[in-house]
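Residue numbers (our numbering): 14 to 144. Backbone N, C-alpha and C fix where the C-beta goes; we use that ideal spot for every residue, glycine too. Quantities reported herein were computed from a predicted structural model and do not represent experimental measurements.
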């Protein structure tokens, strides 16, 4: 008796494997997306706090902060480059560092740092005094 051996997978087996892969992907993709958003928010908050630390150090040796800029912080050796998407505003001895982009949204930033100010209608910012 001669039996013929079929090689390969049947159509049903291929469809089942594709279905299993689709289920796994539908579970994994949202998790990865959430982690990416969390990482972006962490980077923004870290950049804001790094800039804050640099400004505080700058204020120790410089009395006049009215024309404070990224370039002055770089020239003083407190930063190596301008931090994108952040703005510095000075009003007397009150400093405001604001984030100028829409993503990640402010709720993600506040999850990481509860001292982030603002709401959905304003850019996220931190505010602090020097001296």
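Other residues of its chain near residue 101: CB distance less than 8 Å, five sequence neighbours each side excluded: Numbered from 1 along the chain shown, position 88 holds the residue referred to as residue 101. The residues are 64, 68, 81, 82, 83, 108, 109 and 110.
DSSP state of residue 143 mapped onto helix, strand, coil: Counting from 1 along the chain shown, the entry for residue 143 is found at position 130. Reduced to three states, the DSSP call for residue 143 is coil.
Where the alpha helix (DSSP H) containing residue 63 begins and where it ends: Residue 63 sits at position 50 when you count from the first residue of the chain shown. First-last of the alpha helix (DSSP H) with residue 63: 24 to 74.
contact_flag[the region 115 to 133, the region 53 to 60] where n(CB pairs < 8 Å) is 3 or more: yes
C-alpha gap between residue 118 and residue 75, whole angstroms: Here residue 118 refers to the residue found at position 105 of the chain shown. Here residue 75 refers to the residue found at position 62 of the chain shown. Taking the straight line joining both Cα atoms gives about 34 Å.
Proximity winner among 78, 70 and 136, relative to residue 103 (alpha-carbon distances): Stepping through the chain shown from its first residue, residue 103 is reached at position 90. Here the closest residue by C-alpha is 78.
Residue ranges of each beta strand (DSSP E) within the region 70 to 109, 3 or longer: 99 to 104
Residue 40 burial status per 10 Å Cβ neighbour count (16 or more: buried): Counting from one through the chain shown, the residue named residue 40 turns up at place 27. Residue 40 is exposed by the Cβ-count criterion.
Where residue 120 falls: helix, strand or coil (DSSP): Here residue 120 corresponds to residue number 107 of the chain shown, with the count starting at 1. Correct three-state label for residue 120: helix.
Candidates 26, 66 and 132: closest to residue 92 by CA position: As a working note, residue 92 is residue 79 in the chain shown. Ranking the options by Cα distance to residue 92, first place goes to 66.
Among 112, 106 and 114, the one whose alpha carbon lies nearest that of residue 141: Locating residue 141 in the chain shown gives position 128, where the first residue counts as 1. Checking every option, the nearest Cα to that of residue 141 belongs to 106.
Cβ shell of residue 89 (< 6 Å), same chain only, five flanking positions each side left out: Counting from 1 along the chain shown, the entry for residue 89 is found at position 76. Once the five neighbours on either side are set aside, the close Cβ partners of residue 89 are 71.
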